[in-house]
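Chemist: Sharing a structure, written as structure tokens. Questions coming.
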Amino acid sequence: LEQPEPDFTAVWRERFAEIPFECKGDWQPRYYQENAINNALEAIAQGKQRILLTLATGTGKTKTCIALVYRLLKAQRFHRILFLVDRSALGEQAANAFKETRMESLQAFADIFGIKELDDAWLQIGNDGQAIYVAVRDFYRNRLNEYIQSNIENKKASLLARGYTQAEIDAHPAISKMA
Numbered sequence: 139l140e141q142p143e144p145d146f147t148a149v150w151r152e153r154f155a156e157i158p159f160e161c162k163g164d165w166q167p168r169y170y171q172e173n174a175i176n177n178a179l180e181a182i183a184q185g186k187q188r189i190l191l192t193l194a195t196g197t198g199k200t201k202t203c204i205a206l207v208y209r210l211l212k213a214q215r216f217h218r219i220l221f222l223v224d225r226s227a228l229g230e231q232a233a234n235a236f237k238e239t240r241m242e243s244l245q246a247f248a249d250i251f252g253i254k255e256l257d258d259a260w261l262q263i264g265n266d267g268q269a270i271y272v273a274v275r276d277f278y279r280n281r282l283n284e285y286i287q288s289n290i291e292n293k294k295a296s297l298l299a300r301g302y303t304q305a306e307i308d309a310h311p312a313i314s315k316m317a
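In terms of our numbering, the sequence shown is residues 139 to 317.
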């Protein structure tokens, strides 16, 4: 006899419903933000892999995302969430919002879950930071710099193995072109 697949949709719906919109302090979600969050949670409960939320400028996208991320972490649906932005300034803005938005018992989101910022060892994301924000340009710039440094070190090792002196390696055109 085959066991029927458990209905995880119902399980996640129930777990998400147990978490109220408990934002404290100076922010309460507006009706359309609650609708966006509830629709995203429903899509996640149904197992959808791609969800797009679109809100106009000034409608509180960051706060909406903070409330959504809060509910996802609180329900233990995910253990880490990447908050991706396309400019460093937006990353700083978002990080400040995570630090300032009061969620439960007047505690800020960052105090409840912790966040890792780009400057906090951006590529060494461990289990201690549950919400991580990263600026795309900075991410690629850092990855590119790592790649270049790795290539320089590999080229230096190759030249050293072929009998070049350190002075010859430092003056080598392939090295100076990469640096």
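All C-beta atoms in this analysis are idealised placements derived from N, C-alpha and C, irrespective of residue type, glycine included. This structure is a prediction, so every number in the text was calculated from the model and none was measured.
Less than 8 Å between the CB atoms is what I'm expecting for Thr239 and Ala183, so what's the real figure, rounded?
Modeler: That belief does not hold up - the Cβ atoms of Thr239 and Ala183 are roughly 24 Å apart, past 8 Å.
Chemist: Please classify Phe112 as buried or exposed, where buried requires at least 16 neighbouring CB atoms within 10 angstroms.
Modeler: Examination of residue 112 is not possible in this model, given that the chain is present from 139 through 317 alone.
Chemist: For Tyr170, is the classification buried or exposed, using 16 other Cβ atoms within 10 angstroms of its Cβ as the cut-off for buried?
Modeler: exposed
Chemist: Near Thr200, which residues of its chain fall below 8 Å by C-beta distance, leaving aside the five closest residues on each side in sequence?
Modeler: Gln231, Ala232, Ala235
Chemist: Here's a check: name, in chain order, each residue in its chain whose Cβ is nearer than 7 Å to the Cβ of Asn265, leaving out the five neighbours to either side.
Modeler: Note that Asn265 scores 47 on pLDDT, short of 50, meaning its location in the model is unreliable and no value can be drawn from it.
Chemist: Sort Leu244, Leu179, Arg225 by Cα distance to Gln187 and report the nearest one.
Modeler: Leu179
Chemist: Could you give the first and the last residue of the continuous beta strand (DSSP E) run that contains Arg228?
Modeler: The sequence given here has Leu at residue 228, not Arg. Not the beta strand (DSSP E): Leu228 falls in the alpha helix (DSSP H), residues 226-238.
Chemist: Flag this pair as yes or no: are the beta carbons of Gln214 and Arg151 separated by less than 9 Å?
Modeler: no
Chemist: For the putative contact between Ile175 and Ala155, defined by C-beta atoms under 8 Å, what is the C-beta separation to the nearest angstrom?
Modeler: Actually they do not touch by this definition, with Cβ atoms about 12 Å apart.
Chemist: List the whole-angstrom C-beta distance separating Gly198 from Arg168, where the pair is believed to meet the contact cut-off of C-beta under 8 Å.
Modeler: 7 Å
Chemist: On the DSSP bridge list, what partners appear for Ala246?
Modeler: Arg240
Chemist: What is the residue span of the alpha helix (DSSP H) that Phe154 lies within?
Modeler: 146-155
Chemist: Closest to Val223 by C-alpha separation, out of Cys203, Gly185, Leu210, would be which residue?
Modeler: Cys203
Chemist: Taking Pro311 as the reference, which of Arg300, Ala299, Ile290, Asn177 has the closest Cα?
Modeler: Ile290
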